[in-house]
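Encoded as structure tokens, the structure appears first; notes follow it.
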Amino acid sequence: MTDRPEIEDLVQTEDPSFQHVLACVFGIQDHESRTYLVLREHPGSTVAELADKLDRDRSNVNRSLTTLLEKGLVERRRRLLDPGGYVYQYTATPLDEAKELLHEALDEWVETVHAAIDEFGDDE
1 MTDRPEIEDL VQTEDPSFQH VLACVFGIQD HESRTYLVLR EHPGSTVAEL
51 ADKLDRDRSN VNRSLTTLLE KGLVERRRRL LDPGGYVYQY TATPLDEAKE
101 LLHEALDEWV ETVHAAIDEF GDDE
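Using full-length UniProt numbering, you'd call the opening residue of the sequence shown number 1 and step up by one each time.
See below:
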């Protein structure tokens, strides 16, 4: 079972939260949108730090971050460690940019729906 909200959920919600809008428009799960919001509060976090803050397994947090990276909602930087090796640090895309991405994704969806409406009945 998934916690991914559907667009119908958004349409039927009178006062949706930003987290809910984020999940619906990008087709991501609630825990992924929550990861974005926690990263806004804790920029530069590692997977281990986020796992602690979110009370989730590191592998699950890593999958959430991969999804958020694909959607353009998170940036990843590699930090070299003094004893050698490196660790990735994650930062949420600034809110203004995230809002713009949301507007663009929603506009694309609306255009698709308008096209579907316009084409309805053309094959009769």
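For glycine and all other residues, C-beta sits at the position ideal for the given N, C-alpha and C. These figures come from a predicted structure and were not determined experimentally.
Asked                                                                                                       : Found
Close Cβ partners of ALA105 (< 8 angstroms) along its chain, the five nearest in sequence each way excluded : VAL25, PHE26
Straight-line gap, ILE28 to VAL87 (C-alpha atoms, nearest Å)                                                : 25 angstroms
Rounded separation between LEU68 and ARG78 - CA only                                                        : 17 angstroms
Same chain, Cβ closer than 8 angstroms to VAL61, neighbours up to 5 away in sequence not counted            : THR35, VAL47, LEU50, ALA51, LEU54
Continuous alpha helix (DSSP H) stretch holding GLN19: start and end                                        : 18 to 26
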